[in-house]
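Have a look at the structure below before the remarks.
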Amino acid sequence: MIRIRNLEKVFISSRGPVAAVQGIDLDVAGNEFVVLLGPSGCGKTTTLRCVAGLERPDRGTIEIAGETVDSASEGSYVPPDRRNIGMVFQSYAVWPHLSVYDNVAVPLIEGRYRVAKNLVGGRVREVLGLVRLEGLETRPVTDLSGGQQQRVALARAIVTRPRVLLMDEPLSNLDARLRDQMRLELKRITRTIGVTVLYVTHDQAEALSLGDRVCVMNEGKMLQVGQPQIVYAQPSSRFVAEFVGEMNFLKGKVVGPAEADSLLGRVRCPMPPGCQTGSDVTLAIRPENLSLARRPELNHPVVEGKVVTINYVGDATLFEVDAGGTQLRIKQPGVPVFSVGDAATIVLPQDFWHAYP
Amino acid sequence: MTELALRLFKFPSIRTIRVSPLVPVALVPMFALAGFILVIVWVSFQTGVIGTAQAHYTLDNYRAVFADPLAYSSLLNTLVFASASTFFALAVGLPIAWLTERTTMGGKPIIYGIMTVGLLVPGIFVAMGWTFIAHPRIGFLNHWLISLFGLEEGPINIGTPIGMGFVQGLNLAPLAFIFTVQMFRAMNPLLEEAARIAGLSFTATLKRVTLPLATPGILAAGIYIFTVGIATFDIPAVLGLGNRVYLFSTYMFVQTFPQDYVPRYGITATIGTAMIGVALVLTYWYGQVLRRGDRYQVITGKGYRPKRIDTGRWAILCWTGIGFYAFIAKLLPVAMIAFVAFSPYVAPPSFNMLGQLSLGNFYRINWELVLRGLRNTVILMAVVPALVLCVSFCISWLVVRSRSRARYALEFGAFLPHTLPEVLFAIGALLLALFVLKGFVPLYDSVWLIAIVYIVVRMAFATRAMNGALLQVHRELEEAASVAGLSTLRTAWRVVLPLIRPTMLSVWIWTMLLVYREVTVAVFLTSQNSITLPAIVWSYWNAAGMTEASMVTLIMITLFSPLLVIFWRFGRQSGMASG
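Note that the protein sequences, when read in sequence, are chains Y and S. Per this note's numbering, numbering through the first sequence is continuous, rising by one, with the last residue being 358. Per this note's numbering, numbering through the second sequence is continuous, rising by one, with the last residue being 920.
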């Protein structure tokens, strides 16, 4: 449905040119939900705005539903109002001088994709029902809470039944509880209407829970694209490993084709290509894959450590453990059974290790 | 990346540049502005039959001006006048601004009311009033002093550069007030409190902390009022011409409209060129000071209430001072005009004179002329504000929303009429109509020529007000409309304009009020057909018809009042920065 090829975008700032996007290729299939994930300034929003037509790429092409909407080489460009897309903005961008009903109805009445007058009312009520805002039609939109305004913005974006829905950090202005709730709603609504979604966020939990596929970006480049569980379980680079989820890193030295030595002993995992015996690597393991025990377990390699801090978060406990000068984060379900200063045994897993150059 | 950037810098592909439909509308007034300035410089180098093949390009005009002792005296007079007006305006406006925002003295809305109305009372009225008050021969103050002390002649002469500067200062004090009151309102009181805690007395704090922090704001106001003074026409014309005291502007006027020989447009243009030079230097300085003011960060943007100094019983004294200012600057002059309007001849108020008051002047004035002036004024009031809004919206939108670097040029162009004197645009338009456009567009003697100048002059303020309003409209609100399928025009109509409507409304009414009272441009550009009401006042005055001029003024003020009420009702919210 969306096809991006070799996208490049340079901004001229006061300190000279800044390459915001440096050669992005991405395909989004029909009715797929793809999340662009990355830190601020990684080019994810610029990519999204290029797809919307709000920015014009310096190089590359963008196709929506088989139609070329941007081609820098041919100089062709379709303005946003002719792309048949919907977009939800970070600031909601609901029109403050209009009522809830008018906010949603304006695209149908005055937009490029207007419908016959007698259909407008039904269409507006249908989407307001979908976003659960029935009964608020006549309210001024500024009377609504942030969460409700975001629903108006979503209703406005989907009321023209666009082929593509673009969302730019739509949940970042909501409080944590509302955000979780809206996440589920977003999933339900997009499934119901059947729309292709390109979604931008810097929140990795949001990305993992929403996306059919997640695309991790940094410094204008795409680092990894894949299903959330693949990106989480097999981060392709150190940056992805660090940005998606928590990760412990420690130094290691390659000793075999799939073996490395570290402070915690010998670790077995595939070594990055090009590494020879003796070269330095960074080993990584997620906190939930380590565990703490009172007594050594015989069938697992173990390391002795000392508990430095305990961070109890309700459903789990995060420990920081000192193991021979290296600080390791360990996550265990349930209440803590150790106190600060206790000696504890760190149980190392056989799998789940990653190695990066 | 650098390679790509270089490519972009060197060869911007024409096809990728999308020209907004607003650009042409924004550029038209810019071309007019550039035309006015360039034609003045161009004519200043010509003698002979200007603007034709018979013109000689020489420096003769410059030599003539340098050789004319009157030119030197008018330069000196102008500097004295501008300095005096700056001094008096700040001396009155600054303390009132400080009292209003930093003390507990009550009645803030009344002070704002006095100052806003004060901005709208044109200098020509105040100058006429002060002629009746303090003219050496006809001023009642002088008459009273002569009879009181048995003097030979009137001791006060308001027609000197300092006297005129005093009247100008009284008239522009509201400008000094408006410029500085916002600064005092936003000043962080913690800085002053810290000084008090550090052991500084009240006066030491004022001297060491408050005033230095306020310096950029005060300096900016001072430079601006000085720049206005360099080219003010109405007050020096009313008070000085009869006295043969010339300033730049009045010197230009007598060269352009001499009574005994042909107009010397070359000389006018030469003085105009000099004025452009001075004004550009002052504009540059003004811009620098404004930028420094930003760096001081007096404005914190946080919602706090500045601690106010308790005036206690001093409030009575302060209010007496403010009342006295309003009386001598606005009330007394207008009252004198009203008195003269019903008098058969100009004489000091007395019981004898009261008995002679009549409606004689009302019947004596040329009603055919007054009605023509009224019609022209109404046309200007209907057309100019609407076009100013249209032009300034386009400029503002491009300045605020576009990312092209050409927006800085546009912003600068729109800022220029704020500091370049109106009289220059009047002269430029006159020369342009006479020597460039004469053949193709018959604009001379047309009210539309005045309209064009008004639009250029007024767009500076309107653009600044509009910039402020548009910055408040989040860019994403427009983008949301665009993505929702609304065309650019529908986006503007449905989303942007409704959101900035309050600003549009107040700019519209304010522009209308200023068009109604404008006299300088009108005097230089009117003739029989295109005369406006204020120009009629001037022409009566200039032809020694003081009582008739006063009557027309009174009619103007009467017609003006309902407009003022409308302004008060709808347009007051957005701060009116400058006249």
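Glycine is no exception: its CB is placed at the ideal position from the N, C-alpha and C atoms.
8 angstroms Cβ cutoff met for S:G464 and Y:T161: no
CB of Y:F244 within 8 angstroms of CB of Y:V226, strictly: no
Beta-ladder partner(s) of Y:Y78, from DSSP: Y:D71
Cα-Cα separation between S:L900 and S:I877, rounded to whole angstroms: 15 angstroms
Within chain S, the residues that Y:P81 reaches when beta carbons sit closer than 8 angstroms: E820, S823, V824
Check: S:T652 C-beta below 7 angstroms from any heavy atom of the ligand MN: Summarising the ligand content, the structure contains no ligands, and the ligand MN is consequently not present.
Extent of the continuous alpha helix (DSSP H) run through Y:V107: 101 to 111
Any chain Y beta carbon closer than 8 angstroms to S:P839: yes
Bridge-paired residues (DSSP) for Y:Q333: Y:T318
Distance, Y:A30 Cα to Y:V215 Cα: 13 angstroms
Interface residues of the stretch 102 to 134 of chain Y facing chain S [CB-CB below 7 angstroms]: V107, P108, E111, G112, R113, Y114
Per-residue contacts from S:L363 into chain Y (C-beta, under 8 angstroms): Chain Y residues near S:L363: none, gap ~15 angstroms exceeds 8 angstroms.
Close-in-space but distant-in-sequence residues of the same chain around S:S737 (CB under 7 angstroms, 5 per side omitted): T804, M807, N808, L811
Any C-beta of chain S under 8 angstroms from that of Y:W96: yes
Cβ of Y:F353 within 8 angstroms of any chain S Cβ: no
Sufficient close CB pairs (3 or more, under 8 angstroms) joining the stretch 431 to 441 of chain S to the stretch 512 to 530 of chain S: yes
Chain Y contact residues for S:V836, given Cβ-Cβ distances below 7 angstroms: W96
Cβ-based burial, Y:A259 [other Cβ within 10 Å; buried from 16]: exposed
Y:G123 versus Y:V52, Y:L185, Y:A106, residue with shortest Cα-Cα distance: Y:A106
Run of the beta strand (DSSP E) containing Y:R364, from where it starts to where it stops: With chain Y covering 2 to 358 only, the question about residue 364 of chain Y has no answer from this structure.
Neighbour-count burial assignment, S:G563, 16 or more Cβ in a 10 Å radius: buried
Among S:L855, S:E889, S:F908, S:T894, nearest to S:P843 - alpha-carbon criterion: S:F908
Burial state of S:H397, where buried means 16 or more other Cβ atoms lie within 10 Å: exposed
Contacts that Y:R296 makes with chain S (C-beta to C-beta distance below 7 angstroms): Near Y:R296 there are no residues of chain S at all, since even the closest Cβ is about 56 angstroms away, more than 7 angstroms.
Neighbourhood of Y:A158 by C-beta, 7 angstroms cutoff - its chain only, sequence neighbours within 5 removed: G87, M88, V89, L166
Same chain, Cβ closer than 7 angstroms to Y:A66, neighbours up to 5 away in sequence not counted: M2, R164
Three-pair Cβ contact test at 8 angstroms for the stretch 310 to 321 of chain Y versus the stretch 376 to 383 of chain S: no
Range covered by the beta strand (DSSP E) that runs through Y:P18: 17 to 29
Y:L8 - DSSP class collapsed to helix/strand/coil: strand
Chain S within 8 angstroms of Y:M88, Cβ atoms only: yes
S:H484, enclosing alpha helix (DSSP H) - first and last residue: 481 to 490
Contacts that S:L827 makes with chain Y (C-beta to C-beta distance below 9 angstroms): D82, V107, P108, E111, G112, R113
Local Cβ density within 10 Å of Y:V338, reported as buried at 16 or more and exposed below that: exposed
Exposure label - Y:T278; buried when at least 16 CB within 10 Å: exposed
From S:I612, S:S424, S:T444, residue whose alpha carbon lies closest to that of S:D651: S:T444
Opposing strand residues paired with S:Y398 [DSSP bridges]: S:Q387
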